[in-house]
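Here our numbering is used: the sequence shown runs in plain steps of one and ends on residue 928. Heads up, the beta-carbon is just placed ideally off N, CA and C, and yes, glycines get one too. Have a look at the structure below, then the notes.
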Amino acid sequence: MSTALAAPLNPAIVLRGPIGSLDAYIDAVSRVPILSREDETALAHRLKDDGDLEAAKQLVFAHLRFVVHIARGYAGYGLPMGDLVQEGNVGLMKAVKRYDPAVGVRLVSFAVHWIRAEIHEYVLRNWRLVKVATTKAQRKLFFNLRKAKKNLAWLSADETRKVAADLGVTPAEVTEMERRLSARDVTFDPGPDADDDDGASFAPAAYLPAPDADPALKVEAEEWETASSERLGRALAGLDARSQAIVRRRWLGEDKATLHELADEYGVSAERIRQIEAQALKKLKSALA
Numbered sequence: 640m641s642t643a644l645a646a647p648l649n650p651a652i653v654l655r656g657p658i659g660s661l662d663a664y665i666d667a668v669s670r671v672p673i674l675s676r677e678d679e680t681a682l683a684h685r686l687k688d689d690g691d692l693e694a695a696k697q698l699v700f701a702h703l704r705f706v707v708h709i710a711r712g713y714a715g716y717g718l719p720m721g722d723l724v725q726e727g728n729v730g731l732m733k734a735v736k737r738y739d740p741a742v743g744v745r746l747v748s749f750a751v752h753w754i755r756a757e758i759h760e761y762v763l764r765n766w767r768l769v770k771v772a773t774t775k776a777q778r779k780l781f782f783n784l785r786k787a788k789k790n791l792a793w794l795s796a797d798e799t800r801k802v803a804a805d806l807g808v809t810p811a812e813v814t815e816m817e818r819r820l821s822a823r824d825v826t827f828d829p830g831p832d833a834d835d836d837d838g839a840s841f842a843p844a845a846y847l848p849a850p851d852a853d854p855a856l857k858v859e860a861e862e863w864e865t866a867s868s869e870r871l872g873r874a875l876a877g878l879d880a881r882s883q884a885i886v887r888r889r890w891l892g893e894d895k896a897t898l899h900e901l902a903d904e905y906g907v908s909a910e911r912i913r914q915i916e917a918q919a920l921k922k923l924k925s926a927l928a
């Protein structure tokens, strides 16, 4: 039996490095020994037959380098490499759980499909705010159209037909996916520091109508305010001079007088001023109703 099983690797030692350092992680997993076919089969049987989690751990850690290799192929989508590797690791663990050594294929050949599937799901969820691929044909186009294009220019009609034939989709689907890939996300409400390069001039928030933008509603509000002012003026005119003065001093002036100030001015009690005020307000309310 080989060294891998005689002296099980210690992942805690092999992967020791600066926390949060992707470069240190990649360097560490590249130094994890690759399992021979015999060791891999023995570990897989221990996991499948005995539920040995230590065997599962060794299978996972021995294949982390392959996850990094696959994740690098998706670097062109502008997503964090660390997240791509993490999602690929999830796929690797799912593959290890389902791996059957009796089939006779190496774990890496079986796991590559699970690793790519998890990375694909992550890319589709996070590459754009709006989903760009929902059907099977669109998903195929999303991950293959960039490889099929020889340059950054739009495909010609002949190139579109050739790509469609190679991928088993219609030319219309190729054109639609090319349009989606060429689009860009726009911030709904950019901040004050945003410029035209960030799409600030075309942000959706700039094209929403203001709450008071309806001319009819604006005219209606102005007319209501004018009519209310006129009705209030007529109602005040119906009060006696003292009541008018008290209401204006108490409610309509900038420097509102107190009950005691008005009581001293008119030579009555504060309670009497309050009664005159209450009667005047009652008359105004009736007139404005």
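Query - Cβ pair A683, Y738 closer than 7 angstroms - result: Their beta carbons are under 7 angstroms apart, which means A683 touches Y738 by this criterion.
Residues near T799 by beta carbon distance below 7 angstroms, same chain, minus five either side: These residues qualify, in order along the chain: P810, V813, T814.
Q) Which two residues bound the contiguous alpha helix (DSSP H) that contains R704? A) Residues 703 to 711.
Worksheet item: Buried or exposed: which applies to W863, given that a residue is buried once 16 or more other Cβ atoms fall within 10 Å of its Cβ?
Response: Exposed, since its Cβ has fewer than 16 Cβ neighbours within 10 Å.
Does the beta-carbon of W890 have 16 or more other beta-carbons within 10 angstroms, so that it is buried, or is it exposed? Burial is judged here by how many other beta carbons sit within 10 angstroms of a residue's own beta carbon; W890 has fewer than 16 and is exposed.
| task | Determine the burial state of Q697: buried for a count of at least 16 other Cβ atoms within 10 Å of its Cβ, exposed for fewer. | result | Its Cβ being crowded by 16 or more others within 10 Å, Q697 is buried.
**OP:** Can you give me the Cβ contacts of P908 inside the same chain, cut-off strictly under 7 angstroms, excluding the 5 residues immediately before and after it?
**Re:** Just to set this straight, residue 908 is Ser in the shown sequence, not Pro. Taking C-beta separations shorter than 7 angstroms and ignoring five residues to either side along the sequence, the partners of S908 in its chain run A902, following chain order.
- To the nearest angstrom, report how far apart V771 and V671 are at their CA atoms. Because the pLDDT at V771 is just 49, under 50, the model does not fix this residue reliably, and the point stays unresolved.
In whole angstroms, what is the alpha-carbon distance linking E893 and R887?
-> If you take the alpha carbons of E893 and R887, they lie about 10 angstroms apart.
Just to confirm my understanding: we take D691, look at its own chain, exclude 5 residues before and 5 after, and list those with CB closer than 6 angstroms. What are they? Take D691, set aside five residues on each side of it, and the residues of its chain with a beta-carbon closer than 6 angstroms to its own are R685, in chain order.
* Over the uninterrupted alpha helix (DSSP H) stretch that includes D689, give me the two end residues. => That run of the alpha helix (DSSP H) goes 676 to 689.
Within 10 angstroms of its Cβ, does E679 collect 16 or more other Cβ (buried), or is it exposed? By the Cβ-count criterion, E679 is buried, with 16 or more other Cβ atoms from all chains shown falling within 10 Å of its own Cβ.
Query - Contacting residues, own chain, Cβ-Cβ under 7 angstroms from V732 (five flanking each side not counted) - result: Going by the sequence as given, residue 732 is Met instead of Val. If the five residues before and after M732 are omitted, its C-beta is found closer than 7 angstroms to the C-beta atoms of V699, all from its own chain and listed in chain order.
Practice item. Decide if the segment 739 to 747 is in contact with the segment 706 to 724; the criterion is three or more beta carbon pairs, one per stretch, under 8 angstroms apart. Key: Using a Cβ-Cβ distance cut-off of 8 angstroms, the segment 739 to 747 and the segment 706 to 724 are not in contact, since fewer than three pairs of beta carbons, one from each stretch, lie closer than that value.
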